[in-house]
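The sequence shown begins at 0 in numbering that gives the first Met the number 0 and counts up by one.
Virtual Cβ for every residue (Gly too), placed ideally from N, Cα, C.
Notes follow once the structure below has been shown.
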Amino acid sequence: MAQKPPPSGLRLPMPIWDLPVRLFHWLLPILLITSYVSVKTDRMALHLLSGYAMAVLLIFRLIWGFIGSDTARFSRFLRSPLAAIRHIGRMFRREPDNAVGHNEAGGLMVIGLLALLTIQVVTGLCANDDGETEGPLMKFISKGLSDQLSKAHDVTFKLIMIAVGLHILAVIVYALFKGQDLVRPMITGRKRLPAATPAPRMVHPVAAVAVLAIAAAVVFVIARVL
Numbered sequence: 000m001a002q003k004p005p006p007s008g009l010r011l012p013m014p015i016w017d018l019p020v021r022l023f024h025w026l027l028p029i030l031l032i033t034s035y036v037s038v039k040t041d042r043m044a045l046h047l048l049s050g051y052a053m054a055v056l057l058i059f060r061l062i063w064g065f066i067g068s069d070t071a072r073f074s075r076f077l078r079s080p081l082a083a084i085r086h087i088g089r090m091f092r093r094e095p096d097n098a099v100g101h102n103e104a105g106g107l108m109v110i111g112l113l114a115l116l117t118i119q120v121v122t123g124l125c126a127n128d129d130g131e132t133e134g135p136l137m138k139f140i141s142k143g144l145s146d147q148l149s150k151a152h153d154v155t156f157k158l159i160m161i162a163v164g165l166h167i168l169a170v171i172v173y174a175l176f177k178g179q180d181l182v183r184p185m186i187t188g189r190k191r192l193p194a195a196t197p198a199p200r201m202v203h204p205v206a207a208v209a210v211l212a213i214a215a216a217v218v219f220v221i222a223r224v225l
């Protein structure tokens, strides 16, 4: 006997965000706040530790974007700017949220934020504060270049804050105007989707632990060995 298709309009909870992606999402703002506060309070040792932790997260996320769960992969959510603009054009239209993972605009925001974080981490590794604190890679470049990268480090942080602000604003707009809750799925990992939606493939957490260990090893070599 042929199996009956699910009733039209039925929505069921489905796992869409794996734990590594969710941890990255929530740990990143904590590290950004820590980095900001540590600079303002002149606790540069803490600032360096926060920067190293951010570097580990970034390397992990970049690798996970190629080998991780379906919704974490860049190939699944990277779309053209035109597609993102079209999606933004529907920003204030109330409609069901059927996106499995990042939508077109959200995916572009993720790529932009990862690019800014890459610049932030690289410039931080080469920066100095004209005092006792130097990035571990400063020894390989001139003081003049390090000073320029230090300024870029400051500017990039401001750009990251703008990007984070836009992200928060988008979450609020989606909730108020589109009736879509983007926060809960990033906490629980699950989202209600049409019953006929194919579930995304999730990679085993052991793989994430292995990638995290590789990322930590790379940062350790940069910070302590080079």
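#1: To the nearest angstrom, how far is the alpha carbon of Leu26 from that of Thr33?
#2: Would you call the stretch 14 to 22 and the stretch 183 to 191 touching, i.e. three or more CB-CB distances under 8 Å?
#3: Assuming contact is defined by CB atoms lying nearer than 8 Å, are Ala194 and Leu81 in contact in what I supplied?
#4: Count the other C-beta atoms from every protein chain shown that fall within 10 angstroms of the C-beta of Leu116, then say buried if there are 16 or more, exposed otherwise.
#5: Given this structure, state the Cα-to-Cα distance separating Gln274 from Ile29, to the nearest angstrom.
#6: Rounding to the nearest angstrom, what Cα-Cα distance links Ala222 and Tyr51 in this structure?
#7: Report the residue from Ser49, Phe23, Thr132 and Ser74 whose alpha carbon sits nearest the alpha carbon of Arg60.
#8: What number of angstroms, rounded off, separates the C-alpha of Leu48 from the C-alpha of Val154?
#9: Given this structure, state the Cα-to-Cα distance separating Val182 from Val172, to the nearest angstrom.
#10: Determine contact between the stretch 81 to 95 and the stretch 129 to 139, defined as no fewer than three beta-carbon pairs at a distance below 8 Å.
#11: Just curious, the beta strand (DSSP E) that Arg191 is in, first and last residue?
Quick answer:
#1: Those two C-alpha atoms are separated by around 11 Å.
#2: yes
#3: For Ala194 and Leu81, no; Cβs fall outside 8 Å.
#4: Buried, because 16 or more other Cβ atoms sit within 10 Å of the Cβ of Leu116.
#5: Any question about residue 274 goes unanswered here, given that the chain covers just 0 to 225.
#6: 8 Å
#7: Minimum Cα distance to Arg60 is reached at Phe23.
#8: 20 Å
#9: 12 Å
#10: no
#11: Arg189 to Pro193 is the extent of the beta strand (DSSP E) around Arg191.
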